[in-house]
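Notes follow the structure.
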Amino acid sequence: MPVPGGTKERIEFMFKALIAAILLSGWTTAGLAQTSAEIASYKRAVEAMNAGDWSSAHAEARRAGPVARDIIEWRWFRAGEGDFVSVRAFLARRADWPGLKLLRRKSEANVPVGSRPREVIEFFSRQPPQTGAGARALIAAYRSRGLHDRAESEAVRVWRTMLIEEEDHDALLREFGNALRSHHEARLDMLLWRGARQNAERMYPLVGNGWVALAKARLARRGTGSGVEVLIGNVPGSHRDHPGLAFEMMQWRARNGDNVEAAALFFEAGEDGLGQPSRWAGWRRSLARRFMRDGNAELAYRLASRHGLQEGSSYADLEWLSGYLALAYMNDGQVALHHFKRFRNAVERPISLGRAGYWEGRARELQGDLAGARRAYALGARHQTSFYGLLAAERAGIPLDSALRGEEAFPAWTGTTLPQSSVFAAARFFIASGERDQAEQFVSHMAETLPRGELGSLGEYVLAVNEPHLSVAIAKQAARRGIVLPRYYFPVARMGVSNFPIPRELVLAITRQESEFDPAVQSRVGALGIMQLMPETAREVAAYLDMPYSSSRMLSDTYYNTRLGTAYLDELLERYDGNVVLVAAAYNAGPGRADRWIASLGDPRRSDMVDWIEHIPYNETRNYVMRVAEGMLIYRARLGGHLGPVTLSREIANWQGHERAVRRGWSGWTSVRPRLRPAPLTD
98 MPVPGGTKER
108 IEFMFKALIA
118 AILLSGWTTA
128 GLAQTSAEIA
138 SYKRAVEAMN
148 AGDWSSAHAE
158 ARRAGPVARD
168 IIEWRWFRAG
178 EGDFVSVRAF
188 LARRADWPGL
198 KLLRRKSEAN
208 VPVGSRPREV
218 IEFFSRQPPQ
228 TGAGARALIA
238 AYRSRGLHDR
248 AESEAVRVWR
258 TMLIEEEDHD
268 ALLREFGNAL
278 RSHHEARLDM
288 LLWRGARQNA
298 ERMYPLVGNG
308 WVALAKARLA
318 RRGTGSGVEV
328 LIGNVPGSHR
338 DHPGLAFEMM
348 QWRARNGDNV
358 EAAALFFEAG
368 EDGLGQPSRW
378 AGWRRSLARR
388 FMRDGNAELA
398 YRLASRHGLQ
408 EGSSYADLEW
418 LSGYLALAYM
428 NDGQVALHHF
438 KRFRNAVERP
448 ISLGRAGYWE
458 GRARELQGDL
468 AGARRAYALG
478 ARHQTSFYGL
488 LAAERAGIPL
498 DSALRGEEAF
508 PAWTGTTLPQ
518 SSVFAAARFF
528 IASGERDQAE
538 QFVSHMAETL
548 PRGELGSLGE
558 YVLAVNEPHL
568 SVAIAKQAAR
578 RGIVLPRYYF
588 PVARMGVSNF
598 PIPRELVLAI
608 TRQESEFDPA
618 VQSRVGALGI
628 MQLMPETARE
638 VAAYLDMPYS
648 SSRMLSDTYY
658 NTRLGTAYLD
668 ELLERYDGNV
678 VLVAAAYNAG
688 PGRADRWIAS
698 LGDPRRSDMV
708 DWIEHIPYNE
718 TRNYVMRVAE
728 GMLIYRARLG
738 GHLGPVTLSR
748 EIANWQGHER
758 AVRRGWSGWT
768 SVRPRLRPAP
778 LTD
């Protein structure tokens, strides 16, 4: 349980934390932390593993103790190595470790076929086969035990749901040809939805000519080859209305910019004729938002609201978007409220619950239900670690939550059950060896089940060893369970710079969203280090600062990366007149895109900022801007302890220019008439 917040208790807690920090530094017995010799042996084991020398890796790991030994075994099995007996022994020993689904899948090729049937059935009792080889082993085990109905059921499950190798395909047909005959069309359809060309083509001899023609047309339309129209024309009338073909036609039209014709296919199919509504949902959302930005709100609403879904994240997204369109464009509070309620009932996480409360409040305001609006805002304001939760609090006049200061105290990890956890011990090995990705996997796994008090202790541990990246990972996993821990969710990371040229809360908010404070991360597109600068940008900023550019230092020197990143942020603050929304959008998507959005959507400093954010074309940037905006307020509370009224809407709408921007010759923005329609809601 959290330690009480009184002065005496806090002093005692700080003393315990100091002792814990000393223990963590290595001045302790082997019973409380890995020894330096064990860590050195483990590092040598990792080096051998990375060189492909598994024999030496196992030998060195054994010298580092049982947990280190099992880490190397865990990685060995996940690489598809090891025998069935060893895998079963490991799973019995470390059943609570993460990543076991992949371990099991990689191990299925080593499951014996035709022997050890009892052990094989037990092995798959926790996780059904994920590969054709595993399924065949289980089927053989069922047969050897006389469980023929179970064997046939497993064959049908695999046939209807899985991609398999050719030898497994042929073996299942030989053994269960009659039982599978009525499932051939279902299998082919499943494979076509998944775009699995090779698996699908193996099915052609097993289905009728109509299905073959349909399959060829669907695969051709998904690709970029010639002769597509001929293949579509070859589809007989009995198969021409198949939702899979309509989906491929829609997808092709949307990718080629023919958005109105793509939307028409949604309506032609209807909610009941989509086949797999979830497959359509991404394009439905994307096209609806595009029509919204183009001013065709009626078409956008029809598209978003007729989704045919009953649950899931896409259902929630489309219900919210339908509500927003009804509110902001159709001025219909009743319809908007209907959708926002459905959205609220479909979500559980703080970010979404804050959004639900805010927009339900806006809809109730439009209807004149001010008491109901206040209740909705109050519900949203319970989630002040979120953008819309903060806006809801501001709308309701609820002050900033004192918990955002992050002063809640938790017991030292040594006084919890963490020392008894092999998952925790493994995470500590990963931290000691600098393997952040693996450490994140293990601490996030722990955060899925730990009680609140021990979550705090785990968060305190990773901060004590200067791993704020892991702190964010733990807190995000906890937030998915409805447990919010601001101290770890928004850690005040040491970034190697003591005197920032710009507000520290902005630096922390940007960095948290960019890298979650991982100093060595590289993005898919090439952004580097803790502040995730692109190499070209970093090179330009380094030249401006008269510093040499080094790509290796971008990943190894936090001070260097932060120095360049904050200088770039300073430039963006001048370029965008100090407006945090435009600065965040430009940092994420590039100034060129931010400028184009100003031109196409209007200058947000002269229109409704919340509406402008919701019209950002990129999902990633839209989310990014909200996370940075909320992060600034929370970090300000964390850094200075100041609470009081929430002022988020005023802060994101601020467009007062900096004098230095004028001095440097910045010419200002062209006046562009906003295309958005701010909702006319007032308190």
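So in the numbering used here, spot 351 of the sequence shown is number 448, and the numbers just go up one at a time.
Each residue gets a CB set at the ideal place from its N, CA and C atoms; glycine is no exception.
| query | Roughly how many whole angstroms lie between the Cα atoms of T634 and S648? | reply | 12 Å
| request: For T744, count neighbouring C-beta atoms within 10 Å of its own C-beta (all shown protein chains included) and say buried if the count is 16 or more, exposed if not. | output: exposed
| So with Cβ pairs under 8 Å, would you call D705 a contact of chain B? | Absent from the structure: chain B. Only one protein chain is present.
| query | Where does L625 fall in DSSP's three states? | reply | Of the three classes helix, strand and coil, the one that applies to L625 here is strand, per DSSP.
| query | With C-beta atoms as the reference, is R247 less than 8 Å away from Y239? | reply | For the pair R247 and Y239, the CB atoms are nearer than the 8 Å cut-off.
| request: Can you grab the Cα-Cα spacing for the pair L244 / P214, in whole Å? | output: Cα to Cα, the separation comes out at about 11 Å.
| request: Tell me, please, which residues DSSP counts as bridged to Q619. | output: L625
| message | So, for G379: in the same chain, excluding its five sequence neighbours on each side, which residues have a beta-carbon less than 6 Å away from its beta-carbon? | response | Correct list: empty, nothing qualifies.
| Range of the contiguous alpha helix (DSSP H) that encloses Y301 | Per DSSP, Y301 belongs to no alpha helix (DSSP H) and is neither H nor E.
| query | Count the other CB atoms within 10 Å of the CB of L642; is the residue buried (16 or more) or exposed (fewer)? | reply | exposed
| Proximity of A453 and G477 at Cβ, strictly below 8 Å | yes
| By Cβ distance, which residues of its chain are closer than 6 Å to S153, with the 5 residues on each side in sequence left out? | A145
| Between the C-alpha atoms of D674 and L463, what's the straight-line distance to the nearest angstrom? | 33 Å
| said: Assuming S335 is part of the alpha helix (DSSP H), what are its boundary residues? | reply: 334-337
| message | Comparing C-alpha positions only, which one of Q348, G307, R693 sits nearest to H336? | response | G307
| task | Leaving out five residues on either side along the sequence, give the residues of the same chain with a beta carbon under 7 Å from the beta carbon of A142. | result | A154, E157, A158, A161, A165, I169
| Between the Cα of Q299 and the Cα atoms of R584, W377, L270, which residue gives the shortest distance? | Checking the sequence shown, residue 299 turns out to be Arg, not Gln. Looking at the Cα atoms, L270 is the closest of the given residues.
| said: With three or more beta-carbon pairs closer than 8 Å as the criterion, would you say the stretch 574-584 touches the stretch 692-705? | reply: no
| query | Exposed or buried, S568, counting other C-beta atoms within 10 Å across all chains shown (16 or more means buried)? | reply | Around the beta carbon of S568, a 10 Å sphere encloses 16 or more other beta carbons of the protein chains shown; the residue is thus reported as buried.
| Would you report the Cα separation of A624 and T663, rounded to the nearest angstrom? | 15 Å
| query | Which residues in the same chain as D180 place their Cβ atom closer than 7 Å to its Cβ, once the five residues preceding and following it in sequence are excluded? | reply | The beta carbon of D180 sits closer than 7 Å to those of N207, all from its chain and outside the five residues before and after it, given in chain order.
| Whether L736 touches E557 by CB criterion (8 Å) | no
| said: I need the DSSP call for T125, collapsed to helix, strand or coil. | reply: Confidence in T125 is poor, its pLDDT being 35 and thus under 50, which makes the residue's placement unreliable; the coordinate value appears in the next sentence. Note: T125 maps to coil in three-state DSSP.
| request: Determine, using beta-carbon pairs with one atom in the stretch 507-518 and one in the stretch 547-564, whether at least three such pairs fall under 8 Å. | output: yes
| field | Assigned secondary structure, A489 (DSSP; H/G/I helix, E/B strand, else coil) | value | helix
| query | Are the CB atoms of L328 and A360 nearer to each other than 8 Å? | reply | no
| For Y641, the first and last residue of its enclosing alpha helix (DSSP H) | 632-641
| task | Kindly indicate which residue of A397, D369, I261, G341 has the alpha-carbon position closest to the one of H712. | result | A397
| field | A360, DSSP secondary structure in three states | value | helix
| query | By how many angstroms is the C-alpha of V559 removed from the C-alpha of L371? | reply | 48 Å
| field | Cut-off 6 Å between Cβ atoms - residues of its own chain near A606, not counting five sequence neighbours on either side | value | V725, G728, M729, Y732
| Does the distance from the CB of A413 to the CB of S449 come in under 8 Å? | yes
| Alpha-carbon to alpha-carbon, G738 and P588 | 14 Å
| query | Hey, quick one: how far does the alpha helix (DSSP H) through Q535 stretch, first residue to last? | reply | 533-544
| Should P792 go down as buried or exposed, given a rule of 16 or more other Cβ atoms within 10 Å for buried? | Since the first residue of the chain shown is 98 and the last is 780, residue 792 is not available in this structure.
| said: Using CA atoms only, rank isn't needed, just tell me which of G341, K313, G320 is closest to N331. | reply: K313
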